[in-house]
Amino acid sequence: MGDSEPPSIRPPETITITVLRARNLKGSSAKADAVNAMVKVEFGERSLGESPKVDCTAETPAEFNYNATMSCTYDDPTALDEIAHKPVVLTVIEVLPKEKKQKEEKTVLLGQCTVDMLPLVKGETKHRHTLIVNPLPGSPMETLPPDAPRPEVDVLLSVNEPLVDNSQMNAGNLMTITVESLFSPPESWSVTGTQYAYAAALPVPVNAEKETPIVFANGMLKPGIDKEVPNKQKKWAVPATAQGNAIYIPDQFIAQDAIEDEDGDFRGKDDREHRTIAEQEKNRCTWNTERRSYLEGSAVKSFQDKIAKCRYWPLEVMRLPQPASGKGKKKQDDHADTKKGSGAVNKDDEGAVSFHGVAFVNLAPLLYPGVKRIRGAYKIHSYTDQALAEKTKRKMGLGEEAARIANNILNRSSASPGPKKGAGGKDDKKEKDVKKGHSRQDDSRRSNSIAQTHDTEDHDTHAKDHHDHKKGDKSSMITSQTIKSDAGSEHEAQAPVNLEGQQYVDSKSYIMFEIRLEKPLIPKRPPEELARRVAEYIPPRPLFPKRTDGAQRAVEDFHTQVSSVAGLVLDEFRDMFGDELRTDENITQEAMESRRQKLIYELNASGKYFAFKEQLKHSVVKIVREKYLKTTNFEDRQELQTFLSELYVYLIDQMHESLTKTLALEDQAPVPAPLTDSAQLKHFAREAEVNGNFELATKYYQERIARDRNDPSHWFDYGTFCLYINDITKAEECFKETVAIDQKHLHGLLLYGVVCTLQEKHEAAETFFEAATCVQPKSILAWTMLGLFYDAVQNEIGAEMAYIEANKLNQQAAVNMARALREEELAKQRVEHSESEASHKDDQGGLAPPTSNTLVPDIKQPTPPSSERGQGSARSSEKMSSARRPSASKRSSAAEKSHLTATDSRETTKTGRNKSDSNLSRPSSEYRRGSARGTPQLEEASEETPPREPTPVPTSSIYMQAIDWLLEVKAVPFTERALGHELLSPMGGLTAHYHIALARVKLQKSELKEAEESLNEALQFDYQNPDVWALMGHVMYLINDTTEAKGCYERTIDFVADASEMHSVYLRLGSIYLRDEKFQEAKNTFLMACKRSPSCVSWLGVGMACYRLGELSEAEDALSEANILNNSDPEVWGYLSLVCLKTGRQLEAEQAYKYAIKVNLEDTDLLDEIIKTQKEVGFGNPQF
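Here you go:
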């Protein structure tokens, strides 16, 4: 009664597999035109039925229209997973006609194909396939010529309702796991002799609590690429009864990625040679198998949480003995010794795990926003429970359980797909089919079927007995099994060693592995959404103010139109009577009236009067509607006349008012243009900022904004100043205005994010940092700033993602720069070469012999074969093929020595590359000839290949680039965080640039002692760096050690290269000279400042030095220049007063003194000197 009802489970959904028709079938009889065929439908180990027998001819397809059904139950959580990774196997069977005295019909297996039901798991209700029928071993279709039409089957999958509803689709996910190949296996693995099975396994979550192992059991050891071209098509992980080429998933192939774009290990430049050798020359263990796994909502959440807690996921690899064959245990025991002698594996060793290794796959990239796929080469480590626990926080691995599952798969892999006619001949028939398939496999080597264990006889699986036996004999198999650690043992003195697994490490083995999700675990916000969020935080400012309609607006519009028409009438009058106006001085009233009549006539005759009236009409109509609110027709004529009279009077009054304003404006003198532009004002503001005059700096920044409020850079610069003086509130307002004016202002978005971070508005900050990466996806600064923000909020995975992207862009920028420089250099060489050829031909009289192009080498990038280059897709690019050339002399091996003579070996040592390298750089046709023989081409190996150019290295790290920008915008907290990363960066560390940046931070924080220490450290790295000496001079100047400051400034100026900021050096050195009464040096120094970037302060310094030197005329000129740039500087007015006093100009001296007092002259020494001079000359102070 009171108990809650259990959640309802959805009833089973019926899946219908409709075999529509088959085409182009070929039977066993060459004479028969028709093939009588049927189709058997299987799913996993279950047979879903057989179609009726239908004839198929070359012209007429076999119309089966057969429906096979299966149910998808929802009480089993693995039902959808099973549908996702298991195919429906269709076996096409030919039915032969009965012969005399024959009781049953004979059948011949023609071929198979597999139907992928993944579209149904993705939510489709109907999906149609057209599949090629792959011939089975011994099938008549094997003899079809290549140009003959391929046998095909049309299949329709359908369900009444989607297998996955909307809630499941939103919460769940589909994970596709691909295990490709293991490269550079241990040297003890051999393709000859005793053969083994190779398995890979990893755990996958089923729900919130449970995980299940996924095992790839069909690994095969194969020779290098020069002996066998690999097949790139993916196989089914559980092909069931499929054989031959039917084990391959239709239209699914191994991905091709550049090494730079891979995840995982072995991506560095130093690893390229190892990967080239491993993937081209050495043996490899190949799976090329894809396994899909449907994850329900709880499993997705569990998967995400486990990655967040421990980013590494174990992928275990192992070698297993091939399953022993036999019909019973007794028979196997009787022949145990015989099997041991013949290379087979006996029952005691079946399922034993040897060469147990583990690859730790970093799944953290799957938590990057928008990432759905990772793929890379992952290093294989020796497996121990201790290493597994340290890396993945898991107590034990999957070794024994994976071995049992792998043996079950291998034992089932030799099942025949044909129809079973009875139990009596089952084993004999199966053995016969196996042997036939094995012989054909040895002859053709065309498919890597899962039924690859045909070397031995089939037998029944004894997994459970085998597991018990292994528990009893564990101590005797230490060398062949994984050695496990006991975490609770107190007697364990050292970590256990897996000797066989250590061979993976010694061989630098790695496995190519891929995980792909249907949708990302962390969805990435699209640029449109980010732009919308930014607009919500900061609404964009319209380019022009909104036009408001109203009475006042209508009147203003009328005034504008009247002024415009008046100007046009005035122009017309000047055109008609301009000459008379220049000659006639006294104009009579009659002449004026005559001109008025002529003007009116001309306006009427030319139609301009009508045009002027039309121009005014619209504004008059607006006044009627907006001011008088008249929008309907007048019913009373008298009322109309009254209104027109009133309107006329009003319009005449407004016309006179408008003309009065227009004529008054014309009479006024034009406002002169400002003498300083925006760039100069910014320079003056920075100068005042350096001098500590923040009030004056604020004035200059605000003046820039007042001149143009719609320029985002004006608001941005003022915001950085407010950030410097720690006025966060005003800085936020400035950056908000910046983004409001320009929603794609990169630096404005970044600094608004910085301000939000300082105010702990992390959600808003993340929005703006992400928006910056969407505005400019190729910006190194944007991605680095996003990473620094994620560091601030302890989001390690997000920071890692941002830094990886920034480093990719930094490397690409270095490559582009190197390419541009190389092209520029080659172009220059070509021009020089063509000029030299032209001059040479002139010397030869036009009969010069042909010359060889020696000045400009023909730089060739060898193109690797498109399909025979192995697993790594990066080898398909020119850059990667050229990256393989160096240090190939290290590749000598025993195999090469057996093929090369002593002379050839010496040639190899001389040229720095071995024979297989030359073979790799040849076109594909030559490559195949060399591969067919399995030996290098000695005569071709001696060909010279151009040396690889070094990979460009960025000039600075992403952190230092961000630091330089952050120092400019005064974002101190982010600068300190970036300096910490630079210290730990492989490209960074303790460098002169680092110490200079640290000193600048300390200067911005007024920590002068620490800044001095950092600069002393920088001098240890680069004693001739002008920036270091300039900053050291600033530090000494600020602590009033003018002697040391002068020495540092003088050294800075003496360097050939200038410091990055010389203006403040000149100003402060000049002020020191003035203080030391070295007026000539002061004058020269200030003049250098005026030459580079003139300002009021620099010209004031020149004026002061000239005044002290007695050069009053030059002093007056310099002070006048200073006064033009800033007419409110009190010191300028004070020295102008002194100059006027010395030159005897009383009125000007008094005016200058008056302005000096008015603008608040606070220099008491200067004020006392002015008063003393006034007393000496007897004038200059109006108060006397």
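Numbering (the working numbering), first residue to last: 145 to 1328. We put the beta carbon where it would ideally sit given N, CA and C, even for glycine.
Sorting 272, 956, 1173, 720 by C-alpha distance to the C-alpha of residue 405 places 956 at the top.
Per DSSP, the continuous alpha helix (DSSP H) segment holding residue 310 begins and ends at 310-315. Annotated three-state conformation of residue 217 is coil, per DSSP.
Rounded to whole angstroms, the gap between the alpha carbons of residue 195 and residue 208 is 7 Å.
A direct Cα-Cα distance of roughly 32 Å separates residue 374 from residue 172.
The C-alpha of residue 327 lies about 10 Å from the C-alpha of residue 648. In this structure, 915 is the residue among 231, 915, 974, 979 with its C-alpha nearest to the C-alpha of residue 672. Looking at the DSSP output, residue 505 bridges to 457.
Our two residues, residue 230 and residue 387, have alpha carbons roughly 14 Å apart in a direct line. Between the C-alpha atoms of residue 735 and residue 721 there is a straight-line separation of about 11 Å. At a cut-off of 4 residues, the continuous stretches assigned as alpha helix (DSSP H) that sit fully inside the stretch 505-557 are 529-536, 543-556.
Within the DSSP bridge table, the entry for residue 270 names 302 as partners.
Pairing residue 199 with residue 166 gives a Cβ-Cβ distance that is not under 8 Å. Beta-bridge pairing by DSSP links residue 199 to 180. Excluding five sequence positions before and after residue 719, none of the CB atoms of its chain fall closer than 8 Å to its own CB. Secondary structure of residue 282 (DSSP, three-state): coil. Residue 263 has its alpha-carbon roughly 11 Å from the corresponding atom of residue 303. Residue environment: residue 1169 is assigned as buried (16 or more neighbouring CB atoms within 10 Å of its CB, all protein chains considered). For residue 237, DSSP records a beta bridge to 182, 253. By alpha-carbon distance to residue 774, the top candidate from 343, 782, 356, 765 is 765. Excluding its 5 nearest sequence neighbours in each direction, residue 197 has C-beta neighbours in its own chain below 8 Å: 180, 181, 182, 239, listed in chain order. Secondary structure note for residue 685: it is in no beta strand (DSSP E), with a DSSP letter that is neither H nor E. When secondary structure is reduced to three states using DSSP, residue 663 falls in the coil class, being assigned neither helix nor strand.
The Cβ neighbour count for residue 1118, taken over all protein chains shown within 10 Å, is at least 16; the residue is labelled buried. Nearest to residue 694 by alpha-carbon distance, out of 770, 684, 681, is 770. Contact between residue 1122 and residue 1143 does not hold, since the beta-carbon distance rounds to 15 Å and is not under 8 Å. In the structure shown, residue 920 falls within a coil segment according to DSSP collapsed to helix, strand and coil.
The way I'd put it, the stretch 1172-1179 does touch the stretch 1192-1204; three or more beta-carbon pairs between them come closer than 8 Å. Nearest neighbour of residue 157 by Cα position, chosen from 227, 737, 1135, turns out to be 227. Contact between the stretch 412-422 and the stretch 347-364 is not established, with fewer than three Cβ pairs separated by less than 8 Å. DSSP, reduced to helix, strand and coil, places residue 680 within a helical segment of the structure shown. Looking at the DSSP output, residue 377 sits in a beta bridge with 397.
Nearest C-alpha to residue 822 among 798, 790, 858: 858. Under the three-state reduction of DSSP, residue 1206 is assigned to coil, being neither helix nor strand. In this structure, the CA atom of residue 966 is about 28 Å from the CA atom of residue 947. Looking only at 295, 1159, 243, the smallest Cα-Cα distance to residue 205 is reached by 295.
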